[in-house]
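>
In the working numbering, the protein residues as written are 1 to 916.
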């Protein structure tokens, strides 16, 4: 029994020693291995028996992508000796991230006993994406679609979840794509070009790929294609002045009386030379055949001229000297201004057209620029009255008046601006003064504007015996909350033109808070008072009102919604009673089908007018539709207006139709029902038919016509007669000798193209087409030839010596999957042509329609498995006309060379004894 146990221990103990834990010093670096590399895994072996041992060794792995270089072998260990067995491994480039096991199978030759030892390795993650432009056109014609392809490949060992996008093209693939290790896909994008492109231009397309898990791998690749205009804009050898001329037929039924007639208009604005030094503007409108109103033009004639520092005006305009002396006076006259370096001088003469109290005005002034945005001006205004129609009630307006004044604006800092004016007036009987001050602040959280003006009772300027104050303040407490206040007090006495009636006198204060509860929604709550007084007689309203108002603005999808409610107490000075006033209003606007819609309505119960608790309902809509770039229609309707707006012309119904008949010629039709200014109930009808012509008047010749001629040489083709050549909008056809000519061509850059329908299918020019032409000389010559195109054909295959190993690559293909077939990139290059193709092993390839000459074929691995190599990765040859060049691309299996160390390798480890 004892003998049996001794024999069992002697035989089994050496085998058990194999399974002991490896010493730390023998452990190789197995936790940072990368795909595509080779490594060795050490196994420690011990023979504790008294006999020398010979073992048969075999190695297996947990994944076929981890391949032992030596799968089988033998190993000898002397008695009582320790040794290390190294297992060389090849890690495939397709090996994914993770942990793998290596198993060493050991069999004792003498006893036949077998044992195993297992070690693990860890393959690290390797992220590597590549995005390469594969094929894109160098040129394309306007109206055609640009198509480009890109090769996207995952060269890493981690499955990538990718997002594809393009900012200026359409991706012909799902935006989300999953790409396994060593997997590749061809991604195509496209973009349609406009057939109406007016000139040649470059179109840059891009494809971006991004990884949610690894933003560092985000890539963007661009391609550039030149788009050739097929309908180039008509270039001109003249510098032209834009001019608009129109003729209108206008009719109006006013208080039962119908009038109609024609009105002509011409307007031009631009420069008289190509350097834009001489600027000119002119306008002429003939007599209005109907009564003047807001919707038709009144008679007007003027011309402006500007060159460098000189400005001249002759004719009608709104003249202004300063805010206090003459703020706005429409009339007929002349103005001149000249700007020196920092000083400007000028003046004007004006005969008012719509103010009967003033006959003539003369003004002179000078201005000094202190800084870039600061200026001080002094001036003098002289007013001559209409003495024969003098009004004793308004002495200041009907006496000769002299008004010196000074004004200035100052930028104190980046956030503060100040401005002001002081004016003095003297007439035969009185003297007066006026002054105005204004401050504007604009900080990050606080902005506001305050203005005050006062004119004395005898001041003979634009304002008389009045004062006004206005202000606006806003403070932003947070990003969403702001407080604001607004105050306005109108001037009471001012000398307005009589063309339009005066707006009601207003005095109001409102203050409140604004809360922006969403990025597209806000609410404003206001409190304050308002005073409105009619300036016309008999008065329609005169009231003082204290109010509380709530306004909500909200965007919901395509809809913009505004809701408003106002509640107040009204003191009616016109009738002498007090009462409540409430107002509810709603507005809805949206855009759909190239049409914008705006709907509005309000309901009020007020005590502002003749009746107490008077009910008012207002509603309306506006629709604008742009059917195309040439056609539009606008429709407006409102049932009535509040009495505070009766000083101006008001539309009740409006229909506008616009149609471009052909370039530079337009037709406009309009019809309106309106309330004239000063009227509350009488409606008038106005219609207009207007024809507009937009000629561009030549004012300066800027260039001379040029010509392009040449010969198309016959280099072995059937004929060169009747070939159609295109140069922008110009066409030419070759004669029997191949000669062509383009005459009366505008100088510039062009592309010369061949209409291939007029040549044989295999004819190819000897130079690259479209050919870039820069035509600047009077006569230009360009010769080229036509020859027969050549082809390159071939096949990518395993070499004859490797056909017996065809099963290896077939097995590898099966292992990789259907979408991971082994392929290479084939590139054909000449002086001016480059073509690329992805070709799979075992398939044919070809390059057709190649220009005869020197060509180079380059081959790229495109992730080809490292066990295989391209036998010859470069071919150079010269193609002859009509030649078909045959190529055979050989893929061979790499030979593995194993070198054994001649001397024995001694491996050991120290035993550290604990010191007591």
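Ideal Cβ positions, reconstructed from N, Cα and C, are used throughout, including at glycine. Only a predicted model underlies this, so the values are computations on that prediction, with no experimental measurement involved.
Sort 280, 854, 133 by Cα distance to residue 225 and report the nearest one.
In the chain shown, the residue the question calls residue 225 occupies position 225. For residue 225, the nearest C-alpha among the options comes from 133.
> Output the distance between the C-alpha atoms of residue 579 and residue 571, rounded to the nearest integer angstrom.
To locate residue 579, count along the chain shown from 1; it is residue 579. To locate residue 571, count along the chain shown from 1; it is residue 571. Their Cα atoms are separated by approximately 7 Å.
> Taking the DSSP output, what are the residues bridged to residue 253?
The residue given as residue 253 occupies position 253 in the chain shown. Answer is 258, 685, bridged to residue 253.
> Inspect the beta-carbon positions of residue 565 and residue 555 and report whether they are closer than 9 Å.
The residue given as residue 565 occupies position 565 in the chain shown. The residue given as residue 555 occupies position 555 in the chain shown. Result no, Cβ atoms of residue 565 and residue 555 do not sit closer than 9 Å.
> Going by beta-carbon coordinates alone, are residue 241 and residue 268 separated by less than 9 Å?
Looking up residue 241 in the chain shown gives position 241. Looking up residue 268 in the chain shown gives position 268. Closer than 9 Å, so yes.
> Tell me whether the beta-carbon of residue 522 lies closer than 9 Å to the beta-carbon of residue 560.
Position 522 of the chain shown, counting from 1, holds the residue named residue 522. Position 560 of the chain shown, counting from 1, holds the residue named residue 560. Cβ atoms of residue 522 and residue 560: not closer than 9 Å.
> Any chance the stretch 322-334 sits against the stretch 273-291, with 3 or more Cβ pairs inside 8 Å?
no
> At a cut of 8 Å, does the stretch 496-508 reach the stretch 529-547 through at least three beta carbon pairs?
yes
> Using the C-alpha atoms, what's the distance from residue 47 back to residue 82?
Here residue 82 is taken as the residue at index 82 of the chain shown, counted from 1. Here residue 47 is taken as the residue at index 47 of the chain shown, counted from 1. Those two C-alpha atoms are separated by around 6 Å.
> Who are residue 383's beta bridge partners in DSSP?
For this step, residue 383 is matched to residue 383 along the chain shown. DSSP output for residue 383 lists 361, 401 as bridge partner(s).
> Under the DSSP definition of a beta bridge, which residues are partnered with residue 926?
Beyond the ends of the chain as shown, which are 1 and 916, falls residue 926; an answer cannot be given.
> Between the stretch 617-624 and the stretch 586-602, do three or more beta carbon pairs fall short of 8 Å?
yes
> Contact between the stretch 402-411 and the stretch 372-381 is defined here as three or more beta-carbon pairs at a separation below 8 Å; is this criterion met?
yes
> Relative to the alpha-carbon of residue 36, which residue among 61, 43, 67, 55 has its alpha-carbon at the smallest distance?
The count along the chain shown starts at 1 and reaches residue 36 at position 36. With distances taken between Cα atoms, residue 36 lies closest to 67.
> Looking only at C-alpha atoms, which of 852, 468, 607 sits nearest to residue 568?
Residue mapping note: residue 568 aligns to position 568 of the chain shown, counting from 1. Ranking 852, 468, 607 by Cα distance to residue 568 puts 607 first.
> Would you check if the distance between the CB atom of residue 344 and the CB atom of residue 366 is smaller than 9 Å?
The residue given as residue 344 occupies position 344 in the chain shown. The residue given as residue 366 occupies position 366 in the chain shown. In contact: residue 344 and residue 366 (Cβ atoms closer than 9 Å).
> Could you check what DSSP says for residue 392 in three-state terms: helix, strand or coil?
By one-based count along the chain shown, residue 392 stands at place 392. Summary for residue 392: the model assigns pLDDT 44, below 50, so the residue's position carries little reliability; its value from the coordinates is reported in the next sentence. Coil at residue 392, not helix or strand.
> Could you check whether residue 129 and residue 156 sit closer than 9 Å to each other, using their CB atoms as the reference points?
Counting from one through the chain shown, the residue named residue 156 turns up at place 156. Counting from one through the chain shown, the residue named residue 129 turns up at place 129. Cβ distance < 9 Å, so residue 156 and residue 129 count as in contact.
> If distances are taken between C-alpha atoms only, which option among 205, 472, 380, 694 comes closest to residue 449?
Taking the first residue of the chain shown as position 1, residue 449 is located at position 449. The residue among 205, 472, 380, 694 with its C-alpha nearest the C-alpha of residue 449 is 472.
> Just tell me which of 775, 244, 481 has its CA closest to the CA of residue 706.
Along the chain shown, one-based indexing puts residue 706 at 706. For the residues 775, 244, 481, the minimum Cα distance to residue 706 belongs to 775.
> Count the other C-beta atoms from every protein chain shown that fall within 10 angstroms of the C-beta of residue 490, then say buried if there are 16 or more, exposed otherwise.
Along the chain shown, one-based indexing puts residue 490 at 490. Buried is the call here.
> Taking the alpha-carbon of residue 280 as reference, which of 649, 466, 303, 260 has the nearest alpha-carbon?
Here residue 280 refers to the residue found at position 280 of the chain shown. Minimum Cα distance to residue 280 is reached at 303.
> What number of angstroms, rounded off, separates the C-alpha of residue 791 from the C-alpha of residue 839?
Here residue 791 is taken as the residue at index 791 of the chain shown, counted from 1. Here residue 839 is taken as the residue at index 839 of the chain shown, counted from 1. Roughly 17 Å separates the two Cα atoms.
> Are three or more beta carbon pairs between the stretch 720-729 and the stretch 751-758 nearer than 8 Å?
yes
> In terms of residue numbering, what span does the beta strand (DSSP E) encompassing residue 329 cover?
Locating residue 329 in the chain shown gives position 329, counting from the first residue. Unbroken beta strand (DSSP E) run through residue 329: 329-339.
> Hey, residue 852 and residue 879: beta-carbon distance below 9 Å or not?
Reading the chain shown from its first residue, position 852 is the one you call residue 852. Reading the chain shown from its first residue, position 879 is the one you call residue 879. It is a contact, given that the beta carbons lie within the stated cut-off.
> Could you name the residues that DSSP lists as bridge partners for residue 138?
Residue 138 sits at position 138 when you count from the first residue of the chain shown. DSSP output for residue 138 lists no bridge partner at all.
> Roughly how many angstroms separate the alpha carbons of residue 787 and residue 881, rounded to a whole number?
The count along the chain shown starts at 1 and reaches residue 787 at position 787. The count along the chain shown starts at 1 and reaches residue 881 at position 881. Rounded to the nearest angstrom, the two C-alpha atoms are 7 Å apart.
> Spatial neighbours of residue 178 within its chain, please: CB distance less than 8 Å, with the 5 preceding and 5 following residues excluded, ordered by chain position.
Here residue 178 is taken as the residue at index 178 of the chain shown, counted from 1. Once the five neighbours on either side are set aside, the close Cβ partners of residue 178 are 159, 160, 161, 162.
> Cα separation between residue 402 and residue 456?
Sequence index remark: in the chain shown, residue 402 carries index 402 (1-based). Sequence index remark: in the chain shown, residue 456 carries index 456 (1-based). Going from the Cα of residue 402 to the Cα of residue 456 covers about 15 Å.
> For residue 255, count neighbouring C-beta atoms within 10 Å of its own C-beta (all shown protein chains included) and say buried if the count is 16 or more, exposed if not.
Here the question's residue 255 lines up with position 255 in the chain shown. Counting Cβ neighbours within 10 Å, residue 255 comes out exposed, since fewer than 16 surround it.
> What do you get for residue 4, buried or exposed, if any count of 16 or more other CB atoms within 10 angstroms of its CB means buried?
For the purposes of this step, residue 4 is taken as residue 4 along the chain shown, with counting starting at 1. With a pLDDT of 44 at residue 4, under the threshold of 50, the modelled position of that residue is not reliable, and the figure given next carries that caveat. Result: exposed.
> Which value, in whole angstroms, describes the spacing of the CA atoms of residue 187 and residue 827?
For the purposes of this step, residue 187 is taken as residue 187 along the chain shown, with counting starting at 1. For the purposes of this step, residue 827 is taken as residue 827 along the chain shown, with counting starting at 1. About 18 Å.
> What's the call for residue 45, buried or exposed, on a 16-neighbour Cβ count within 10 Å?
Mapped onto the chain shown, residue 45 falls at position 45. It is buried - the Cβ of residue 45 has at least 16 other Cβ atoms within 10 Å.
> Closest by CA to residue 563, which one among 294, 228, 603, 770?
Here residue 563 refers to the residue found at position 563 of the chain shown. Closest in alpha carbon position to residue 563, among 294, 228, 603, 770, is 603.
> Just mark residue 275 as buried or exposed, buried being the case when its beta carbon has 16 or more other beta carbons within 10 Å.
As a working note, residue 275 is residue 275 in the chain shown. Flag for residue 275 reads exposed.
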